[in-house]
Amino acid sequence: MIGTEFSKSFIESNYLLIAAGVSNSQETDPSVFARDTRNIESIVVKHFDKKIFYISSCQNEDINFQTPYFLHKRLLEKILLEKHKNTMILRLPQVVGINNNMTLFPTLVRKMYLSESLNIQKNTKRVLIDVADVVRIVQTIITKKFFESGIFNITPSYSVNVEDLVALIKEQITSHSEIKIVGPGRSAFVDDKYLHKLVSQDDILLDRLYASLLVNKYVPQIIEQFSKDWKEQL
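Residue numbers for the sequence shown follow the working numbering, so the first one is 1 and each next one is one higher.
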C-alpha cells in the first residue's frame, strides 16, 4: 500500500524508499524472515550510493513486543544502520489507506460491514496515520533537506480508543455487529517530537480529530474496494 502510494509521487533519483517486506505481523516461519533479510542486504549492495528511507514500525520501540516478526524488524533496522551509512528509518503507527489486509482499521470496517462479531480489548488505544500523509512527510524531509541517518518516530499527536474508533465507523455504515469488551489491552506508542520539526503547528497530523477524519475519508473507499473484490471472487 505504501509503495503504491509513493508510485504516484515523484521522489528524487538519489533517494530510495523501502516499504516492502514481511507484512504479516503473525508470521513465524524463519525462512520467510531469512528471505526478507537477504533481500534487504541485496538492496543495500545494489543501491550503496543512494539515501535510503526504510519504513518500519513504532511498535519496535516497545521491547515487550518479542514476537518473531518484531525481532525480525529490529534486526533489519540494525543491518541497515550498520551496512548503509545513509539510512533514515521512519517508524510509523498503523497506516490507513485503501486496502483489505488484516491490520486493525480495515479489519474493523470489514467485520462491521458484514455484521460479524467483534472482540475489543478494554481501554486499548491505537495511533493511525493516512498513507497520503506518510508520502507528504517523506517529501517534506527531502524538500527541506532534513534527511539524516538514524531512527525517527512519525506519529500523529493523538491516539484513539478502539471502542471510540468502532463508534466512528458505525456512524458511516449500518452494522449489527455484536461487540464484546474483553480484558484490558495495550496503549499504542506516541512520540510526536520529530513530527513537530516537520510540520506547522496547525497541521492536521497534530489535530485531536485526525482519526475521525481518516474514518470519514477511508470507510466508504474500503467498503467499495471490499465489495469489488468480493464480487470478483464469485
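Every residue gets a Cβ at the ideal spot worked out from N, C-alpha and C, and that includes glycine.
Of the listed residues the options, nearest to residue i (C-alpha basis)
i: glutamate 171; options: Asn216, His84 and Lys50; result: Asn216
i: alanine 167; options: Asp130, Gly185 and Ile120; result: Ile120
i: valine 190; options: Leu104, Arg136, Lys125 and Ile98; result: Lys125
i: arginine 74; options: Cys58, Leu165 and Val138; result: Cys58
i: threonine 67; options: Ser227, Gln26 and Asp133; result: Gln26
i: isoleucine 137; options: Asp229, Ser227, Leu198 and Ile63; result: Leu198
i: serine 56; options: Lys231, Leu80 and Arg35; result: Leu80
i: isoleucine 141; options: Gln225, Met88, Glu232 and Asn60; result: Met88
i: isoleucine 287; options: Glu41, Leu108, Thr37 and Lys85; result: Because the chain spans 1 through 234 in this model, residue 287 falls outside it and cannot be assessed.
Where the alpha helix (DSSP H) through residue i begins and ends
i: valine 127; result: Careful: valine 127 lies outside any alpha helix (DSSP H) and carries neither H nor E.
i: isoleucine 169; result: 162-170
Identified DSSP bridge partners for residue i
i: proline 184; result: Lys122
i: serine 56; result: Arg91
i: leucine 214; result: The partner list for leucine 214 (beta bridge, DSSP) is empty, contrary to what the question assumes.
i: lysine 51; result: Tyr15
Beta strand (DSSP E) segment containing residue i, residue limits
i: isoleucine 154; result: Per DSSP, isoleucine 154 belongs to no beta strand (DSSP E) and is neither H nor E.
i: methionine 88; result: 87-92
i: isoleucine 63; result: Unbroken run through isoleucine 63: none, as it is neither H nor E.
Residue i burial status per 10 Å Cβ neighbour count (16 or more: buried)
i: valine 45; result: exposed
i: leucine 213; result: exposed
i: asparagine 101; result: exposed
i: valine 134; result: buried
Validate contact between the segment 200-208 and the segment 84-94 using beta carbons, cut 8 Å, 3 pairs: In short, these stretches do not touch, since the Cβ pair count stays below three.
The segment 150-169 touching the segment 29-38, judged by at least three CB pairs closer than 8 Å: No: the two stretches stay apart, fewer than three of their Cβ pairs being nearer than 8 Å.
The segment 49-63 / the segment 15-28 touching (three or more Cβ pairs under 8 Å): A contact exists between the segment 49-63 and the segment 15-28.
Any 3 or more C-beta pairs closer than 8 Å across the segment 174-189 and the segment 99-118: With the cut-off at 8 Å, the segment 174-189 and the segment 99-118 touch.
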